[in-house]
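Enquirer:
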Ligand code: HSE
């Protein structure tokens, strides 16, 4: 372990957008007492901004190097990231990761490894880039019952939506811009299909409520099928479409999570969160509403979160997961419903979608852009038909809060409404 006089020796695994952003910040602040001692990357042929002798092409060499005080894992291969991070934790190492997909799949196991072997794992950079939301939930709100944690958790899709609504850009060029600026995942379908914000919602649920959700069971609907008609439909009502992830406690005490595009009005603080910025609303039982906003993607903003974790590890910080012993049950999707807006350019496809979702033909509506549909749909049906909806290119957005079905309401659980207006 580094003494006060020796720099903390960091082993950096991955030198993409986040890795370079972190490296750059460390180089610009020599007074921090940090040294990126070794860097591991996968591809020896890729051009890089540092001399080739700065790199190794075998990440396992960093695992075997006991002189490294902290390992920072910022690669985008979730399976390899899990192999490396879990191996490091088995050695009792101090580790920082930014890999949200890996964390969402393996968090219970990783927390167990941390406890069993005495290491430490921090991952602020995995959720909402520069916004310190995990530490806020884990430490500051460790004993505050939370009504909801919700927001815009993906910078790339928010960037695309902003460009489409402000500049009238088409979807394709707007996505290409988000990719060029280093906001998007290597596979941008993870961003546009809302898989990435779903992973982030799953991670936040562990800190906000103590629950480890299965990502596959969390509804994620994205914006791959969005068109100018949808943007214009919202604008005509004074609204915008934003991809909103939410984890919330229902009146029956259970927790529900989902990620979907949502029609929002100016009363929501998310309305003005644009480009790659993210915004997180935390509704505390006693504290009331809080709103965090900041850059959700990009090398320097995300590198800043990695840096904060490295410095926190030096101080001995670990996450507390204080709510795990009192974790509530997860609300089954078959007792939830959503009021949705659906559109497809081909009315024949839209009619078929109505049968999938058991909506009546009367759900069809017309505006100046063509035909769309609205109606209240059981959440389970959207989960069951999620892949078909994506494959058919149907755009789906919710028009309000998730609600308990009549069956659940009859059982006395009632309809829970997060007071977004109060947060404005
Ligand atoms: N692709 C992610 C996003 C990067 O656009 O938000 C930050 O996690």
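Residue numbers (the working numbering): -3 to 420. Cβ atoms here follow ideal geometry from the backbone N, Cα and C, with glycine treated the same way. It should be emphasised that the depicted structure is a prediction, and the values quoted were computed from it without experimental measurement.
(1) Find the nearest neighbour of residue 121 within the set 38, 345, 304, judged by alpha-carbon distance.
(2) What's the call for residue 279, buried or exposed, on a 16-neighbour Cβ count within 10 Å?
(3) Check the C-beta distance from residue 211 over to residue 194 and give it rounded, since I have them as a contact under 8 Å.
(4) Let's test the definition: count the other Cβ atoms within 10 Å of the Cβ of residue 8 and tell me whether it reaches 16, buried, or not, exposed.
(5) So, is residue 65 buried or exposed, given that buried needs 16 or more other C-beta atoms within 10 angstroms?
(6) So residue 260 and residue 238 are supposed to be a Cβ contact under 8 Å. How far apart are they, rounded?
(7) In three-state DSSP terms, what is residue 113?
(8) Assuming residue 319 and residue 196 make a contact with CB atoms under 8 Å, what is their CB distance in whole Å?
(9) Contact check, residue 354 vs residue 142 under 8 Å by CB: the rounded distance?
(10) Regarding residue 192 and the ligand HSE, is the C-beta to nearest heavy atom distance less than 7 Å?
(11) Going by DSSP, what residue range makes up the alpha helix (DSSP H) through residue 191?
(12) Tell me whether residue 319 counts as near the ligand HSE, meaning its Cβ is closer than 7 Å to at least one heavy atom of that ligand.
(13) In this structure, what does DSSP give as the bridge partners for residue 423?
(14) Please tell me whether residue 299 and residue 18 are closer than 8 Å, where the distance is taken between their beta carbons.
(15) If we call anything under 8 Å between Cβ atoms a contact, is residue 216 one with residue 190?
(16) Just reading off the alpha helix (DSSP H) that residue 253 is part of, what are its end residues?
(17) Since residue 86 and residue 109 are thought to touch, with beta carbons under 8 Å apart, how far apart are those beta carbons, to the nearest angstrom?
(18) What does DSSP give as the partner residues of residue 51 in its beta bridges?
(19) Return the chain-ordered ranges of every beta strand (DSSP E) run that is complete within the stretch 317 to 346 and spans a minimum of 3 residues.
(20) Are the beta-carbon atoms belonging to residue 241 and residue 125 less than 8 Å from one another?
(21) Please find out if some non-hydrogen atom of the ligand HSE comes closer than 7 Å to the beta-carbon of residue 93.
(22) Within the same chain, show all residues whose beta-carbon is closer than 6 Å to that of residue 482, passing over the 5 residues directly before and after it, in chain order.
(23) So who's on the other strand from residue 233, going by DSSP bridges?
(24) Count the other CB atoms within 10 Å of the CB of residue 84; is the residue buried (16 or more) or exposed (fewer)?
(25) Does DSSP classify residue 217 as helix, strand or coil?
(26) At a threshold of 7 Å, does residue 300 count as lining the ligand HSE (C-beta to nearest heavy atom)?
(27) Do residue 179 and the ligand HSE come close, with the Cβ less than 7 Å from some heavy atom?
(28) So what does residue 279 bridge to, in DSSP terms?
(29) By the DSSP assignment, the alpha helix (DSSP H) with residue 18 in it spans what residues?
(30) Could you tell me whether the Cβ atoms of residue 4 and residue 29 are closer together than 8 Å?
(31) Contact between the stretch 128 to 143 and the stretch 250 to 269: three or more CB pairs below 8 Å?
(32) Answer with buried or exposed for residue 419, where buried requires no fewer than 16 other C-beta atoms within 10 angstroms of its C-beta.
(33) Quick one, are the C-beta atoms of residue 339 and residue 225 less than 8 Å apart?
(34) Should the stretch 309 to 326 be called in touch with the stretch 361 to 371, which here means at least 3 C-beta pairs below 8 Å?
(35) Return the CA-CA distance between residue 388 and residue 395, expressed in angstroms with no decimal places.
Expert: So, from the data block:
(1) On the chain shown, position 125 is the one that residue 121 refers to. Here the closest residue by C-alpha is 304.
(2) Taking the first residue of the chain shown as position 1, residue 279 is located at position 283. The residue in question, residue 279, is buried, as its Cβ has 16 or more Cβ neighbours within 10 Å.
(3) Residue numbering aside, residue 211 sits at position 215 when the chain shown is read from its first letter. Residue numbering aside, residue 194 sits at position 198 when the chain shown is read from its first letter. Rounded to whole angstroms, the Cβ separation of residue 211 and residue 194 is 6 Å, and the two are in contact under 8 Å.
(4) For the purposes of this step, residue 8 is taken as the residue at position 12 of the chain shown. When all chains shown are included, residue 8 counts as buried.
(5) On the chain shown, residue 65 is found 69 positions in, with the first residue counted as 1. Around the Cβ of residue 65, a 10 Å sphere holds 16 or more other Cβ atoms; the residue is buried.
(6) Numbered from its first residue, the chain shown carries residue 260 at position 264. Numbered from its first residue, the chain shown carries residue 238 at position 242. Confirmed, about 5 Å.
(7) The residue labelled residue 113 in the question sits at position 117 within the chain shown. Of the three classes helix, strand and coil, the one that applies to residue 113 here is helix, per DSSP.
(8) Along the chain shown, read from residue 1 onward, the residue named residue 319 stands at position 323. Along the chain shown, read from residue 1 onward, the residue named residue 196 stands at position 200. Separation of the CB atoms of residue 319 and residue 196 is rounded to 18 Å, and the pair is thereby denied contact status at 8 Å.
(9) Here residue 354 refers to the residue found at position 358 of the chain shown. Here residue 142 refers to the residue found at position 146 of the chain shown. The Cβ separation is near 33 Å, so there is no contact.
(10) Counting from one through the chain shown, the residue named residue 192 turns up at place 196. Residue 192: yes, Cβ under 7 Å from the ligand HSE.
(11) What you label residue 191 is simply residue 195 of the chain shown in a count that begins at 1. From DSSP, the alpha helix (DSSP H) with residue 191 extends over 191 to 204.
(12) In the chain shown, the residue the question calls residue 319 occupies position 323. Incorrect: residue 319 has no Cβ contact closer than 7 Å to the ligand HSE.
(13) No answer is possible for residue 423: it lies beyond the span of the chain, which begins at -3 and ends at 420.
(14) Indexing the chain shown from 1 puts residue 299 at position 303. Indexing the chain shown from 1 puts residue 18 at position 22. Closer than 8 Å, so yes.
(15) Walking along the chain shown from the start, residue 216 turns up at place 220. Walking along the chain shown from the start, residue 190 turns up at place 194. Yes, they are a contact pair.
(16) Sequence index remark: in the chain shown, residue 253 carries index 257 (1-based). Counting along the chain, residue 253 falls outside any alpha helix (DSSP H), though it belongs to the beta strand (DSSP E) covering 251 to 260.
(17) By 1-based counting over the chain shown, the position of residue 86 is 90. By 1-based counting over the chain shown, the position of residue 109 is 113. The C-beta separation of residue 86 from residue 109 comes to about 6 Å, placing the pair in contact by the 8 Å criterion.
(18) Locating residue 51 in the chain shown gives position 55, where the first residue counts as 1. Residue pairing by DSSP places residue 51 opposite 35 in a beta bridge.
(19) If we require 3 residues or more, the beta strand (DSSP E) runs fully inside the stretch 317 to 346 come out as 332 to 339.
(20) By 1-based counting over the chain shown, the position of residue 241 is 245. By 1-based counting over the chain shown, the position of residue 125 is 129. No.
(21) In the chain shown, residue 93 corresponds to position 97, counting from 1. The closest heavy atom of the ligand HSE lies 7 Å or more from the beta carbon of residue 93.
(22) In the structure as shown, the chain starts at -3 and stops at 420, and residue 482 therefore has no counterpart that could be examined.
(23) Within the chain shown, numbered from 1, the residue matching residue 233 stands at position 237. Secondary-structure assignment with DSSP links residue 233 through no beta bridge to anything.
(24) Working through the chain shown from its first residue, we reach residue 84 at position 88. By the beta-carbon neighbour count (other beta carbons within 10 angstroms, threshold 16), residue 84 is buried.
(25) Walking along the chain shown from the start, residue 217 turns up at place 221. It is coil, neither helix nor strand.
(26) In the chain shown, residue 300 corresponds to position 304, counting from 1. Not under cutoff, so the answer is no.
(27) Residue 179 sits at position 183 when you count from the first residue of the chain shown. Remark: the shortest separation between the CB of residue 179 and any heavy atom of the ligand HSE falls under 7 Å.
(28) In the chain shown, counting from the first residue as 1, residue 279 sits at position 283. Residue pairing by DSSP places residue 279 opposite 144, 285 in a beta bridge.
(29) Taking the first residue of the chain shown as position 1, residue 18 is located at position 22. Going by DSSP, residue 18 is part of the alpha helix (DSSP H) stretching over 13 to 24.
(30) Mapped onto the chain shown, residue 4 falls at position 8. Mapped onto the chain shown, residue 29 falls at position 33. In terms of Cβ geometry, residue 4 and residue 29 form a close pair [threshold 8 Å].
(31) The answer is no - the stretch 250 to 269 does not touch the stretch 128 to 143, with fewer than three Cβ pairs under 8 Å.
(32) Your numbering for residue 419 matches position 423 in the chain shown. Confidence at residue 419 is low in this model, with a pLDDT of 39, below 50, so the placement of that residue is unreliable and no value is reported for it.
(33) Here residue 339 refers to the residue found at position 343 of the chain shown. Here residue 225 refers to the residue found at position 229 of the chain shown. Going by C-beta atoms, residue 339 is nearer than 8 Å to residue 225.
(34) Contact between the stretch 309 to 326 and the stretch 361 to 371 is absent, because fewer than three Cβ pairs lie under 8 Å.
(35) Translated into positions along the chain shown, residue 388 becomes position 392. Translated into positions along the chain shown, residue 395 becomes position 399. So the two alpha carbons sit approximately 21 Å from each other.
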